[in-house]
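Beneath this line is the structure, given in structure tokens, with notes to follow.
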Amino acid sequence: MVSPWMPNGTLSHFLEKNPTANRHHLIVDLASGLNYMHSMNIIHGDPKSANILVDNSGRACLCDFGSSNVKDQGSAGGLAILPDRGGTIRYMAPELHLGFEDDEDGEPGVYKSLASDIFALASVILEVFTGLPPFCEFRIDVKVVLAIVSGAKPSRPCNTKQGFSDQLWDLMELCWTFDPRGRPLIKDVLELLTTISLSENVEPGTSTKVDVSPSVEATWVGVEKLYKTARATIGKTLFGTESFSSLRKLCRELGRHPQMCTISGGLRITSNEPIGAGTFSNVYCGRFGQHDVAIKIIREFRSNGDDRNIKEKRFSVEAIFWHFLKHENLVPFLGVSSIIPLFPKASEAPLCLVSEWMPHGTLCQYIVSHPSAPRLKLLSEIANGLGYLHSYSLVHSDLKGANIFVNKEHRACIADFGQTRFIYDQMLSENNELATAMEMSGSLRWMSREFLFPNDDSPRVPTLEGDIYAFGMVMWETFASKIPYPDETDGGVMLRVYQECIPERPPNGAELGLSDEVWDLMVRCWHGEDYHRPTASSALQELQTALDYGYSTSG
Numbered sequence: 001m002v003s004p005w006m007p008n009g010t011l012s013h014f015l016e017k018n019p020t021a022n023r024h025h026l027i028v029d030l031a032s033g034l035n036y037m038h039s040m041n042i043i044h045g046d047p048k049s050a051n052i053l054v055d056n057s058g059r060a061c062l063c064d065f066g067s068s069n070v071k072d073q074g075s076a077g078g079l080a081i082l083p084d085r086g087g088t089i090r091y092m093a094p095e096l097h098l099g100f101e102d103d104e105d106g107e108p109g110v111y112k113s114l115a116s117d118i119f120a121l122a123s124v125i126l127e128v129f130t131g132l133p134p135f136c137e138f139r140i141d142v143k144v145v146l147a148i149v150s151g152a153k154p155s156r157p158c159n160t161k162q163g164f165s166d167q168l169w170d171l172m173e174l175c176w177t178f179d180p181r182g183r184p185l186i187k188d189v190l191e192l193l194t195t196i197s198l199s200e201n202v203e204p205g206t207s208t209k210v211d212v213s214p215s216v217e218a219t220w221v222g223v224e225k226l227y228k229t230a231r232a233t234i235g236k237t238l239f240g241t242e243s244f245s246s247l248r249k250l251c252r253e254l255g256r257h258p259q260m261c262t263i264s265g266g267l268r269i270t271s272n273e274p275i276g277a278g279t280f281s282n283v284y285c286g287r288f289g290q291h292d293v294a295i296k297i298i299r300e301f302r303s304n305g306d307d308r309n310i311k312e313k314r315f316s317v318e319a320i321f322w323h324f325l326k327h328e329n330l331v332p333f334l335g336v337s338s339i340i341p342l343f344p345k346a347s348e349a350p351l352c353l354v355s356e357w358m359p360h361g362t363l364c365q366y367i368v369s370h371p372s373a374p375r376l377k378l379l380s381e382i383a384n385g386l387g388y389l390h391s392y393s394l395v396h397s398d399l400k401g402a403n404i405f406v407n408k409e410h411r412a413c414i415a416d417f418g419q420t421r422f423i424y425d426q427m428l429s430e431n432n433e434l435a436t437a438m439e440m441s442g443s444l445r446w447m448s449r450e451f452l453f454p455n456d457d458s459p460r461v462p463t464l465e466g467d468i469y470a471f472g473m474v475m476w477e478t479f480a481s482k483i484p485y486p487d488e489t490d491g492g493v494m495l496r497v498y499q500e501c502i503p504e505r506p507p508n509g510a511e512l513g514l515s516d517e518v519w520d521l522m523v524r525c526w527h528g529e530d531y532h533r534p535t536a537s538s539a540l541q542e543l544q545t546a547l548d549y550g551y552s553t554s555g
């Protein structure tokens, strides 16, 4: 077999001799070559730096196709079943090490696939920016295999070459997803790498970025591709997937959002002054087409750049969560938009979150204007919405009467997902920021003892049980028509919570459906040991039982 001579040798040799080479160009070359193969349903089978050569123009080229095979068109997910274990251990995906039992003869085999090529590509990218093979901390191959099959990924290196960004690392982690079906397609990887390359715009021989800002179109490509990958996930595992995590991180870092979340036009504000306010935002009444809408806008739009940047990042994350949440007891999200007329002198239009208009206002406003409203029905609806969130392992983190609205059908709907978090999220710095923001927002009266006073060895993080504590306070609000501990200062509330003193039973609650059984449910929601609290689904069942026994007052 004869091929053109590659004067620069292998990729690793080329980088050793040319330390200032543009690494982004090289990895885009690799992805382009792999994209070409995958477009013809051909699996390379063994991507690694030793199988990549650099031509006389400095372009990276894939070679060594001895492990290549055509994808089995009939196999689920495009998995090609090959009878050998060919490959290089440090670049092999978990499924290549674990193998499977062949249905026909019971012989062990290996799933080689387009997805296993993606896993290996990320490992090559790591080597390009570090000069070291993946899992370089292990000198013995068996330790590498044990790490990979246990779900471990290569650690993020401290010392990397110019251009190794957070966005690139997020993409690599997505490519290393344990389940091959969760890895992105090569065409999406190529577009993301192209986007990252444009945004970095590293010039060979320099140690700093060239002063050229990436285009909006280029920046959005990464967000859009991760959105499509996350959107393709079906079921209640979505918010735990690496695609969603990477999408959220990218939106947070860029302060941007997918096009599918965007309202392109026809939106206008109809109120001169805010009709409501949150921690970081004001809410205005508006119109979108023929419908009334609520428009949530970052407050202090003319504040300093850093402050505005932080708020826009929080808005972008809220938009991502809200966009994927669909339930009859959650306020429907319509999209993200910008409205220039509100701030005509501003250089940029403010970011806005647009949702369905709730004509009866907040829960607090509704029970004041409708004193005979059926409390147990409203609480059942809130528990139903909270149970939906918890079924996805999502913590609302700021449940209170002011964040619950009543729609035109007089149905309670939970809103304000700016603090919502996936329970297995380990971003503790973000959670610490969250705790501070919640105290500033006036949510202290709904916060559990373990959140206000965490143990020294416990991080201060929102939990499902903390949501249940807050739900107990929402129940109290609903029957008392007041905020919890109405006669106490914030300091007094903290002392009461520390001493585990629960609110007093509302004296007129019985007229509104507050039976002994419902009061017992509220008390259990406030239990000092969080594991003794009911779940949202069990609370819903108890409230529905109370409704069935006729404890509610019809409105």
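Numbering (the numbering used here) for the sequence shown: 1 to 555. Glycine included, each C-beta is placed from N, C-alpha and C at the ideal position.
What first and last residue would you give for the alpha helix (DSSP H) that runs through residue i?
i	result
Ile298	Taken as a continuous stretch (DSSP letters only), Ile298 belongs to no alpha helix (DSSP H), being part of the beta strand (DSSP E) at His291 to Ile298.
Leu521	Asp516 to Cys525
Ile140	Looking at the DSSP string, Ile140 is not in any alpha helix (DSSP H), and its letter there is neither H nor E.
Cys175	Asp166 to Cys175
Ile27	Arg23 to Ser39
Leu495	Asp490 to Tyr498
Arg449	Arg449 to Leu452
Phe14	Leu11 to Lys17
Thr545	Ala536 to Asp548
Leu444	Run containing Leu444: none; DSSP gives neither H nor E here.
Pro7	Pro7 -> no alpha helix (DSSP H), and no H or E assigned at all.
His532	Unbroken run through His532: none, as it is neither H nor E.
Pro94	Pro94 to Leu98
Output yes or no for whether 9 Å exceeds the beta carbon distance between residue i and residue j.
i	j	result
Glu356	Val331	yes
Lys377	Val474	no
Gly418	Phe288	no
Ile43	Ser123	no
Leu267	Ile298	no
Leu353	Ser338	no
Phe129	Phe164	yes
Ser518	Glu542	Per the sequence shown, residue 518 should be read as Val rather than Ser. In contact: Val518 and Glu542 (Cβ atoms closer than 9 Å).
Asp561	Glu450	The first residue shown for the chain is 1 and the last is 555, placing residue 561 beyond what the model contains.
Leu452	Val497	yes
Phe405	Leu363	yes
Phe184	Ser116	Before going further, note that residue 184 is Pro rather than Phe in the sequence given. Not a contact, by the Cβ cut-off of 9 Å.
Leu174	Leu193	no
Ile414	His390	no
Leu190	Ala31	yes
Asp46	Tyr91	yes
Leu11	Leu53	yes
Pro484	Pro503	yes
Ile263	Val336	yes
Thr20	Lys48	no
Met37	Leu62	yes
Met447	Asn407	no
For residue i, which beta-bridge partners are listed by DSSP?
i	result
Thr130	The partner list for Thr130 (beta bridge, DSSP) is empty, contrary to what the question assumes.
Asn282	Ala277 and Ile297
Ala412	Val406
Thr362	Phe405
Thr262	Val336
Phe324	Paired residue(s): none; Phe324 is not in a bridge.
Arg287	Arg268 and Asp292
Arg421	Val395
Leu330	Ile414
Residue range of the beta strand (DSSP E) that residue i falls in?
i	result
Ala572	Outside the shown range of the chain (1 to 555) lies residue 572, about which nothing can therefore be said.
Leu353	Leu351 to Glu356
Val406	Ile404 to Val406
Phe333	Phe333 to Ser338
Leu185	Element bounds for Leu185: n/a, residue is neither H nor E.
Ile52	Ile52 to Val54
Leu464	Taken as a continuous stretch (DSSP letters only), Leu464 belongs to no beta strand (DSSP E), being part of the alpha helix (DSSP H) at Leu464 to Ala480.
Arg181	Counting along the chain, Arg181 falls outside any beta strand (DSSP E), and DSSP gives it neither H nor E.
Leu267	Leu267 to Ile269
For this session: Could you say if the region 533-542 and the region 377-395 meet the contact criterion of at least three C-beta pairs nearer than 8 Å?
Result: yes
Exercise. Could you give the uninterrupted runs of the alpha helix (DSSP H) lying entirely in the region 368-407, keeping only those of 4 residues or more?
Worked result: 375-391
Exercise. How about the region 356-374 and the region 474-483: do they share at least three Cβ pairs that are nearer than 8 Å?
Worked result: yes
Exercise. Are at least three pairs of beta-carbons, each pair with one atom in the region 20-34 and one in the region 131-148, less than 8 Å apart?
Worked result: no
Problem set entry | Stretch pair the region 395-414 + the region 462-474: three plus CB contacts closer than 8 Å | yes
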